[in-house]
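Here the structure comes first, spelled out in structure tokens, and everything after it is commentary.
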Amino acid sequence: MLLKDKVVVVSGVGPGMGQAIARIAAKEGAKVVLAARNKEFLDQVAGEIVAEGGQAVAVPCDISDPEQCKALAKAAADAYTGRIDGLVNSAFYHGDWTGVENADEEDWAKIFDINCLGTLRLTKACIPYLKDGGAVVNVSTMASVKPYGTEHGMEMGYAVAKGGVNVLSKYMATDLGRYGIRVNTCRMGWIHGAPVEGFIQSEVAQGKKREDVVGFITKDIPIGKIPPQDDCARAVLMMISDYSAVVSGASLDVNGGHWMAP
5 MLLKDKVVVV SGVGPGMGQA IARIAAKEGA KVVLAARNKE FLDQVAGEIV AEGGQAVAVP
65 CDISDPEQCK ALAKAAADAY TGRIDGLVNS AFYHGDWTGV ENADEEDWAK IFDINCLGTL
125 RLTKACIPYL KDGGAVVNVS TMASVKPYGT EHGMEMGYAV AKGGVNVLSK YMATDLGRYG
185 IRVNTCRMGW IHGAPVEGFI QSEVAQGKKR EDVVGFITKD IPIGKIPPQD DCARAVLMMI
245 SDYSAVVSGA SLDVNGGHWM AP
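Dropping the structure here:
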């Protein structure tokens, strides 16, 4: 098993990729700690993992609160081995789709606080338990390097905050290496899970053909399909595993070739 006996904390466990990361980590032998604000959903996912023979505990956490981050880190360590082997920072707040002229500075401040500072807060809290071999993966977005928008606006605020995460990851890797902690980034593209499927269905409900909507998404993706959620989750977990034991400060593009870093 890829993650046998590793204690892995996953933040942002919601209907999207966060819960997929948690489920697959458990199937790969990890002792999983699920974190998000929605306790009911966390308990549901944790219960399903345990029912399938995995190990999981749910710890509600708002990563905008440093004390809740510290409590999560301690609860994760106390639940299992006294340490944390892997931290996946996948919690996010998307914010509004806007252009420059109608950007809301208050919304941007919240986007930055959750996405970038939240990543910093939770990682800081986990450092004492990650020392001597732990790994951190910060989940980012392709939009931070390939501007994206529609007639409804652009992903500017979200992308700028995740661009901050991209840079933060490199500084974390440089700084925390002295403790034996690796830090890497996964920049995600389209992910075919519940949120994207919901978008497809909403477009179909407005009279568009499903194949046309999917074709619009995949026209610039070389592998010819929307990257499936579980495959995206596996790419993230690879960066936690010992298969990437000497990889730190790297950015892995998980997008089916939609964006290819120079």
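Read left to right, the sequence shown gives residues 5 to 266 (this note's numbering). Built from N, CA and C at the ideal position, the CB exists for glycine as well.
Run through the DSSP bridge pairs and tell me what L186 is partnered with.
Taking the sequence shown and counting its residues from 1, the one referred to as residue 186 is at position 182. According to the sequence displayed, residue 186 carries Arg and not Leu. DSSP output for R186 lists A139 as bridge partner(s).
Given a threshold of 16 other Cβ atoms within 10 Å of its Cβ, counted over all protein chains shown, does Q233 qualify as buried or as exposed?
As a first step, residue 233 is located in the sequence shown; it is residue number 229 there, counting from the start. The residue in question, Q233, is buried, as its Cβ has 16 or more Cβ neighbours within 10 Å.
Among E56, G90, S144 and A139, the one whose alpha carbon lies nearest that of F116:
Within the sequence shown, residue 116 is the residue found at index 112, counting from 1. Of the listed residues, the one whose Cα sits closest to F116 is S144.
Could you have a look at T154 and say whether DSSP puts it in helix, strand or coil?
As a first step, residue 154 is located in the sequence shown; it is residue number 150 there, counting from the start. The three-state secondary structure of T154, taken from DSSP, is strand.
In its own chain, which residues sit with a C-beta less than 7 angstroms from the C-beta of C190, not counting the 5 before and 5 after it?
Residue numbering aside, residue 190 sits at position 186 when the sequence shown is read from its first letter. Counting only Cβ-Cβ distances below 7 angstroms, and skipping sequence neighbours, we find V141, V143, S144, A239, V240, M243, L256 and V258.
Residues bridged to N93 by DSSP?
On the sequence shown, position 89 is the one that residue 93 refers to. Note: N93 sits in a beta bridge opposite N142.
Please tell me whether G153 and F96 are closer than 8 angstroms, where the distance is taken between their beta carbons.
In the sequence shown, the residue the question calls residue 153 occupies position 149. In the sequence shown, the residue the question calls residue 96 occupies position 92. No, Cβ-Cβ distance for G153 and F96 is not below 8 angstroms.
Below 8 angstroms between beta carbons: does that hold for C130 and A77?
For the purposes of this step, residue 130 is taken as residue 126 along the sequence shown, with counting starting at 1. For the purposes of this step, residue 77 is taken as residue 73 along the sequence shown, with counting starting at 1. Yes, Cβ-Cβ distance for C130 and A77 is below 8 angstroms.
Specify the secondary structure class of D257 as computed by DSSP and reduced to three states.
Residue mapping note: residue 257 aligns to position 253 of the sequence shown, counting from 1. In this structure, D257 counts as strand in the three-state DSSP scheme.
So P70 and P199 are supposed to be a Cβ contact under 8 angstroms. How far apart are they, rounded?
Position 66 of the sequence shown holds residue 70. Position 195 of the sequence shown holds residue 199. Not a contact, Cβ separation roughly 28 angstroms.
Would you call the stretch 43-51 in contact with the stretch 119-135, where contact means no fewer than 3 C-beta pairs closer than 8 angstroms?
Using a Cβ-Cβ distance cut-off of 8 angstroms, the stretch 43-51 and the stretch 119-135 are not in contact, since fewer than three pairs of beta carbons, one from each stretch, lie closer than that value.
Is the distance from the Cβ of G99 to the Cβ of K114 below 8 angstroms?
Sequence index remark: in the sequence shown, residue 99 carries index 95 (1-based). Sequence index remark: in the sequence shown, residue 114 carries index 110 (1-based). Yes, they are a contact pair.
Within 10 Å of its beta-carbon, does P231 have 16 or more other beta-carbons around it, so buried, or fewer, so exposed?
Mapped onto the sequence shown, residue 231 falls at position 227. Burial of P231 is indicated by the presence of at least 16 other C-beta atoms within 10 angstroms of its C-beta.
Separation of D111 from K128, as counted between CA atoms
Position 124 of the sequence shown, counted from the start, is the residue given in the question as residue 128. Position 107 of the sequence shown, counted from the start, is the residue given in the question as residue 111. C-alpha separation (whole angstroms): 24 angstroms.
Would you list, in sequence order, the uninterrupted beta strand (DSSP E) runs of no fewer than 3 residues that lie entirely inside the stretch 31-58?
DSSP runs (the beta strand (DSSP E)) wholly in the stretch 31-58: 35-40.
Could you check where the beta strand (DSSP E) with V14 kicks off and where it finishes?
Stepping through the sequence shown from its first residue, residue 14 is reached at position 10. Its beta strand (DSSP E) spans residues V11 to V14.
For V250, name the three-state secondary structure that DSSP assigns.
Residue 250 sits at position 246 when you count from the first residue of the sequence shown. Coil, per DSSP.
Can you give me the C-alpha to C-alpha distance between G138 and H196, rounded to a whole angstrom?
For this step, residue 138 is matched to residue 134 along the sequence shown. For this step, residue 196 is matched to residue 192 along the sequence shown. Using only the alpha carbons, I get a separation of about 29 angstroms.
Per-residue burial, H156 [other beta carbons within 10 Å of its own, 16 or more giving buried]:
For this step, residue 156 is matched to residue 152 along the sequence shown. So H156 ends up on the exposed side.
For the putative contact between A269 and V14, defined by C-beta atoms under 8 angstroms, what is the C-beta separation to the nearest angstrom?
Nothing can be reported for residue 269: it is not among the residues displayed for the chain, which extend from 5 to 266.
Once you ignore the five residues that flank G184 on each side, which residues in its own chain have a CB closer than 7 angstroms to its CB?
In the sequence shown, the residue the question calls residue 184 occupies position 180. These residues qualify, in order along the chain: K135, D136 and G137.
Measure how close the beta-carbons of Q72 and D66 come, nearest whole angstrom, since I'm counting them as under 8 angstroms.
Here residue 72 refers to the residue found at position 68 of the sequence shown. Here residue 66 refers to the residue found at position 62 of the sequence shown. With a Cβ gap of about 5 angstroms, Q72 and D66 count as contacting.
Helix, strand or coil for A107, going by three-state DSSP, please let me know.
As a working note, residue 107 is residue 103 in the sequence shown. Three-state result, A107: coil.
Identify which residue in W194, A249, E207 and V250 has its Cα closest to the Cα of K223.
Numbered from 1 along the sequence shown, position 219 holds the residue referred to as residue 223. Nearest to K223 by alpha-carbon distance, out of W194, A249, E207 and V250, is W194.
Compute the distance between the beta-carbons of V54 and K35, then report whether it is under 8 angstroms.
By one-based count along the sequence shown, residue 54 stands at place 50. By one-based count along the sequence shown, residue 35 stands at place 31. Result no, Cβ atoms of V54 and K35 do not sit closer than 8 angstroms.
With 16 other Cβ atoms within 10 Å as the buried cut-off, status of N93:
If you number the sequence shown from 1, residue 93 lands on position 89. A residue is called buried when at least 16 other Cβ atoms come within 10 angstroms of its Cβ; N93 meets this threshold and is buried.
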